[in-house]
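Student: Quick one: the structure is below, and I'll ask about it shortly.
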Amino acid sequence: DKKLLKWRSQKTKEQWTPEFRIKRKIAYNKTYQEKAFQLMRKIFEKYGELNKEKYNEERLERNDKSILRFDTICQRFFENNEKKLKEAVLNYNHRIKKIIKLRKKMDVYDLEVEDTHNFALASGIFVHNSSRQARNRHFQAILPLRGKILNVEKARLDKILSSKEIKALIIALGTAVAEDFNVDKVRYHRIIIMADSDVDGQHLRTLLLTLFYRYFKPLIEKGYLYIAQPPLYKIQSGKEIKHAYTEDQKLAVLKSLKKTSGISIQRYKGLGEMNAIELWETTMNPQNRILLQVTIEDAKEADRIFDILMGNEVLPRKKFIQAWAKKAKNLDI
339 DKKLLKWRSQ KTKEQWTPEF RIKRKIAYNK TYQEKAFQLM RKIFEKYGEL
389 NKEKYNEERL ERNDKSILRF DTICQRFFEN NEKKLKEAVL NYNHRIKKII
439 KLRKKMDVYD LEVEDTHNFA LASGIFVHNS SRQARNRHFQ AILPLRGKIL
489 NVEKARLDKI LSSKEIKALI IALGTAVAED FNVDKVRYHR IIIMADSDVD
539 GQHLRTLLLT LFYRYFKPLI EKGYLYIAQP PLYKIQSGKE IKHAYTEDQK
589 LAVLKSLKKT SGISIQRYKG LGEMNAIELW ETTMNPQNRI LLQVTIEDAK
639 EADRIFDILM GNEVLPRKKF IQAWAKKAKN LDI
């Protein structure tokens with residue numbers, strides 16, 4: 339039926355918009371990375387090294403087209419740098435077999451020059467990989483946070499100190515905590531919280547802000563704590579690409595474009611959707627990035643808000659949400 343074929347062809351063209359193609363590519367790339375990392379990790383645990391030949395042999399045995407060749411993964415996601423690929427596989431968020439104490443400090447803690455260093459708290463293994471590739475090693479360090487940290491507003495100090503993620507953060511900062519806290523020993527003078535723009539990312543930021551306010555308050559008072567502001571939108575018209583950090587900026591960019599058709603708008607929900615180059619240019623490059631400095635204007639009011647939002651009492655939190663719900667923006671609904 340020629341009419342049916344023509345109708346199906348037209349519908350396919352309508353569905354395959356530039357935005358759909360971008361989303362499809364991102365989804366495929368995530369699948370390719372995840373499946374390759376799972377197999378590479380298995381090879382590493384079995385042979386004690388990431389053997390390229392063994393990986394490709396097992397890939398062929400599985401006959402799974404979504405598991406790409408070793409060289410393809412290296413070229414597409416790691417700029418042909420096998421060292422970076424192997425490092426990513428070693429840090430892959432696999433099941434924990436055992437926890438051992440490190441005898442030496444890793445490179446995430448190796449920066450000592452005061453005032454110039456950026457210490458980013460990045461959430462998620464894919465974000466960590468992108469940020470590790472994107473950072474300038476001379477003045478930027480990354481501490482990966484795998485998942486959300488403990489809500490310290492509801493926890494005792496002994497439970498807080500037993501948290502693996504919080505313990506790693508305390509060691510990295512160098513200040514100790516509680517009675518032993520010493521702000522003069524802080525190793526970084528610009529601590530940047532870098533998380534996704536979605537609701538989960540906002541929740542993680544709130545958990546980290548609670549931790550810093552309750553246990554590292556002098557770092558906030560000295561102006562050392564910042565929040566990274568990744569772009570909300572990527573707007574593409576032909577070869578021209580622009581980023582917008584707010585809804586108003588998006589509208590302004592759209593008005594400034596000469597073309598009115600063929601414009602692709604991508605809404606970033608996660609930092610993992612950006613490759614290393616995009617992450618550097620939009621979020622980590624000191625010349626282009628936007629940082630919000632965390633300050634305390636009213637300590638009494640800040641105490642009250644943290645108690646309401648993060649404390650044990652549900653009713654005050656419910657009333658707060660009802661009162662401010664209409665002003666909420668960028669919700670994932």
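Going by my numbering, the sequence shown opens with residue 339, and the numbers climb by one from there. Ideal Cβ positions, reconstructed from N, Cα and C, are used throughout, including at glycine. The structure displayed is predicted, hence computed values, not measured ones.
Quick check on the DSSP output: the beta strand (DSSP E) that includes residue 605 runs from which residue to which?
Tutor: 601-605 is the span of the beta strand (DSSP E), which, as asked, contains residue 605.
Student: Whose CA, out of 525, 606, 613, 573, lies closest to the CA of residue 594?
Tutor: It is 573 whose Cα lies nearest to the Cα of residue 594.
Student: Check whether the stretch 407-415 touches the stretch 391-399, counting contact only when three or more Cβ pairs, one atom from each stretch, lie closer than 8 Å.
Tutor: Taking 8 Å as the limit for Cβ pairs, the verdict is that the stretch 391-399 does touch the stretch 407-415.
Student: Would you check if the distance between the CB atom of residue 608 and the CB atom of residue 534 is smaller than 7 Å?
Tutor: The answer is yes: Cβ separation under 7 Å.
Student: Secondary structure at residue 568, three-state DSSP: helix, strand or coil?
Tutor: Three-state DSSP puts residue 568 in coil, outside helix and strand.
Student: Within a Cβ cutoff of 8 Å, which residues of the same chain sit near residue 626, ignoring the five residues on either side of it in sequence?
Tutor: These residues qualify, in order along the chain: 619, 620.
Student: Would you kindly check if the distance between the Cβ of residue 634 and the Cβ of residue 567 is under 7 Å?
Tutor: No, Cβ-Cβ distance for residue 567 and residue 634 is not below 7 Å.
Student: Report the three-state DSSP secondary structure of residue 683 (helix, strand or coil).
Tutor: The chain is shown only over 339 to 671; residue 683 falls outside these bounds and no answer can be derived.
Student: Between which two residues does the alpha helix (DSSP H) holding residue 346 run?
Tutor: Here the alpha helix (DSSP H) through residue 346 covers 340-353.
Student: When burial is assigned at 16 or more other CB atoms within 10 Å of the CB, is residue 444 buried or exposed?
Tutor: Its pLDDT being 44, under 50, residue 444 is placed unreliably by the model, and nothing is read from it.
Student: Report the partner residues of residue 580 according to the DSSP bridge assignment.
Tutor: Answer by DSSP bridge pairing, in chain order: 573.
Student: Pairs of beta-carbons, one from the stretch 480-495 and one from the stretch 503-514, closer than 8 Å: are there three or more?
Tutor: Verdict: yes, contact present.
Student: Just the Cα atoms here: how many angstroms apart are residue 539 and residue 339?
Tutor: So the two alpha carbons sit approximately 50 Å from each other.
Student: Spatial neighbours of residue 388 within its chain, please: CB distance less than 7 Å, with the 5 preceding and 5 following residues excluded, ordered by chain position.
Tutor: 378, 381, 382, 424, 427.
Student: Using the C-alpha atoms, what's the distance from residue 513 back to residue 519?
Tutor: So the alpha carbons of these two residues sit roughly 5 Å apart.
Student: Can you give the beta carbon distance from residue 582 to residue 472, rounded, assuming they're within the 8 Å contact cut?
Tutor: The Cβ separation is near 20 Å, so there is no contact.
Student: Taking Cβ to Cβ, would you say residue 490 is nearer than 7 Å to residue 543?
Tutor: In this structure, residue 543 does not lie closer than 7 Å to residue 490 by Cβ.
Student: Should the stretch 639-647 be regarded as contacting the stretch 545-559, the criterion being three or more beta carbon pairs within less than 8 Å?
Tutor: The stretch 639-647 is in contact with the stretch 545-559.
Student: Thinking C-beta only, is residue 511 closer than 7 Å to residue 317?
Tutor: Residue 317 falls outside the range modelled here, since the chain spans only 339 to 671, and no answer is possible.
Student: Could you say which of 571, 575, 617, 524 lies nearest to residue 604 if we only look at CA atoms?
Tutor: Residue 604 has its Cα closest to that of 571, out of 571, 575, 617, 524.
Student: Let me know the secondary structure DSSP gives residue 528 once reduced to three states.
Tutor: Residue state, collapsed to three classes: strand.
Student: State yes or no: is the C-beta of residue 480 within less than 7 Å of the C-beta of residue 468?
Tutor: Cβ distance not < 7 Å, so residue 480 and residue 468 don't count as in contact.
Student: Only counting runs of 3 or more residues, tell me where the beta strand (DSSP E) segments fall wholly within the stretch 474-523, in order along the chain.
Tutor: Segments of the beta strand (DSSP E) lying fully in the stretch 474-523: 478-483.
Student: Can you tell me the Cα-Cα spacing of residue 341 and residue 354, whole angstroms?
Tutor: Cα to Cα, residue 341 sits roughly 20 Å from residue 354.
Student: Looking at the structure shown, is residue 406 part of a helix, part of a strand, or coil, going by DSSP?
Tutor: Residue 406: coil per DSSP, three-state reduction.
Student: Kindly indicate the opening and closing residues of the beta strand (DSSP E) around residue 630.
Tutor: Its beta strand (DSSP E) spans residues 629-631.
Student: Since residue 637 is in the alpha helix (DSSP H), which residue starts that stretch and which ends it?
Tutor: Per DSSP, residue 637 belongs to the alpha helix (DSSP H) from 637-648.
Student: So, is residue 577 buried or exposed, given that buried needs 16 or more other C-beta atoms within 10 angstroms?
Tutor: Under this definition residue 577 is an exposed residue.
Student: Among residues of its own chain, excluding the 5 on either side of residue 597, which ones have a beta-carbon nearer than 8 Å to its beta-carbon?
Tutor: Only 575, 576 meet the Cβ criterion.
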